[in-house]
Amino acid sequence: MSFHIAATTLDGVRLDRAALAGLAVVLLWASAFPAIQVAAPDLGAVGLSVVRLVVATVALLLLATVRRVRFPSVRELGWIVAAGFFGMTAYQLLLNVSELHVPAGTASIIVSAAPLVSVAVARALFQEPVTRTTMVGSAVAFAGVVVVCLSRAGVSLSTAVWVVVAAMVVQGVYHPLQRPLLRTRSGLEVATYTMGAGTLMTLPLVPLGWDQLRDATVGGWVAAVYLGLLPSALGFVLWAYAVGRLPIAASTSLLYLVPPVAVLIAWIWLGEVPLPAEVLGGAIVIAGVVVVTQGPRLRARPRSRTAAGAAT
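Residue numbers for the sequence shown follow the numbering used here, so the first one is 20 and each next one is one higher.
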């Protein structure tokens with residue numbers, strides 16, 4: 020009897036820690052959007068990408084030596100290179116370029132639609148079925164992205180907005196590309212592999228951003244190092260911990276908090292006041308993503324209740 024209570028208590032503590040880790044990830048990833056607004060004008064889009072990825076890679080490699088992370092196999096290199104390119108190199112460059120002109124809160128809302136792209140890529144690569152619920156949710160979320168894109172007269176249909184959309188697309192491509200790796204590798208291992216690959220593909224661009232790196236202020240460097248150490252390195256480690264201990268529905272649901280938290284941080288830190296249309300569009304995006312990711316589970320719940328009632 021006492022043993023059972025102790026085990027339950029330990030499970031409860033483990034669940035609380037996992038939930039706290041997930042909430043910490045939300046805070047870290049949300050803070051990345053306003054931090055980019057601080058660092059990108061100083062270091063430039065290329066310089067910021069290089070510094071952030073290098074700092075994150077070094078931190079993950081140091082942790083990897085402690086945790087005895089395994090080397091990837093040759094047959095995994097293709098997936099690692101692809102995931103590193105889309106999720107690290109391309110995403111960082113596109114997001115940094117866009118946030119030179121687009122508010123942090125606006126960028127976070129548009130990027131939150133990335134799961135819609137992930138669904139399409141998973142369908143193309145892994146033949147995952149696309150249900151009617153998925154199609155409806157995708158249409159709703161896309162409508163929300165359009166509302167956000169048109170909400171500010173200063174950025175309406177500008178090139179910068181389309182660059183954010185491109186960042187959202189490559190981030191959406193990145194997530195399903197990890198799936199073959201995660202079948203046999205831990206979250207920390209996959210994060211280390213892809214971060215390292217993304218860094219190697221970004222380093223050749225250093226000459227393009229060298230002048231801004233050389234002239235960057237202390238504030239810009241601090242923001243860049245923060246992005247590499249906390250949202251990137253620590254964020255991925257905490258996310259791997261949370262995903263490994265929380266139900267998938269719970270961990271996925273936590274990500275819906277990133278856009279509103281990013282808008283709040285940008286408001287406090289940068290003085291970016293969200294427009295009513297942005298708030299509305301963000302709510303529509305989140306609603307659509309919820310329908311896509313949680314729709315099948317929510318539809319199955321009434322059926323299970325009906326079956327249970329029939330059985331009794």
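Don't be surprised by glycine CBs; every beta carbon is placed ideally from N, CA and C.
Along the alpha helix (DSSP H) that carries residue i, what are the first and last residues, could you check?
i: residue 135; result: 133 to 145
i: residue 107; result: Residue 107 -> no alpha helix (DSSP H), and no H or E assigned at all.
i: residue 93; result: Counting along the chain, residue 93 falls outside any alpha helix (DSSP H), and DSSP gives it neither H nor E.
i: residue 127; result: 123 to 130
i: residue 157; result: 151 to 168
i: residue 237; result: 237 to 246
i: residue 198; result: 198 to 201
i: residue 278; result: 277 to 289
i: residue 118; result: Run containing residue 118: none; DSSP gives neither H nor E here.
Return the chain-ordered list of same chain residues with a C-beta closer than 7 Å to the C-beta of residue i, the five sequence neighbours on each side being excluded.
i: residue 277; result: 45, 48, 49, 127, 131
i: residue 296; result: 166, 170
i: residue 60; result: 119
i: residue 284; result: 49, 50, 53
i: residue 310; result: 152, 155, 156, 159
Within a Cβ cutoff of 6 Å, which residues of the same chain sit near residue i, ignoring the five residues on either side of it in sequence?
i: residue 305; result: 275
i: residue 221; result: 68, 69, 72, 108
i: residue 255; result: 210
i: residue 32; result: Note that residue 32 scores a pLDDT of 45, beneath 50, so its modelled location is shaky; the value from the coordinates is reported in the next line. Closer than 6 Å at Cβ, skipping near neighbours: no residue.
i: residue 408; result: Limits of the chain in this structure are 20 at one end and 331 at the other, which puts residue 408 out of reach.
i: residue 258; result: 44
i: residue 183; result: 117, 121, 126, 129
i: residue 177; result: none
i: residue 247; result: 71, 74, 75
i: residue 58; result: 67, 239, 242, 243
Using a threshold of 9 Å, state whether the C-beta atoms of residue i and residue j are closer than that.
i: residue 117; j: residue 192; result: no
i: residue 161; j: residue 290; result: no
i: residue 206; j: residue 260; result: yes
i: residue 213; j: residue 97; result: no
i: residue 56; j: residue 122; result: yes
i: residue 106; j: residue 135; result: no
i: residue 200; j: residue 208; result: yes
i: residue 252; j: residue 82; result: yes
i: residue 180; j: residue 303; result: no
Who are the Cβ neighbours of residue i in its own chain at under 8 Å, not counting the five residues just before and after it?
i: residue 227; result: 65
*asked:* Between the stretch 49 to 68 and the stretch 102 to 119, can you find at least three pairs of beta-carbon atoms closer than 8 Å?
replied: yes
- Query: Is it true that the stretch 149 to 169 meets the stretch 74 to 84, where meeting means three or more beta-carbon pairs spaced less than 8 Å apart?
  - Reply: no
Is it a yes or a no for the stretch 186 to 200 touching the stretch 137 to 157, going by three-plus beta-carbon pairs under 8 Å?
yes
task = Flag this pair as touching only if the stretch 234 to 244 and the stretch 89 to 104 have three or more C-beta atom pairs under 8 Å; answer yes or no.
result = no
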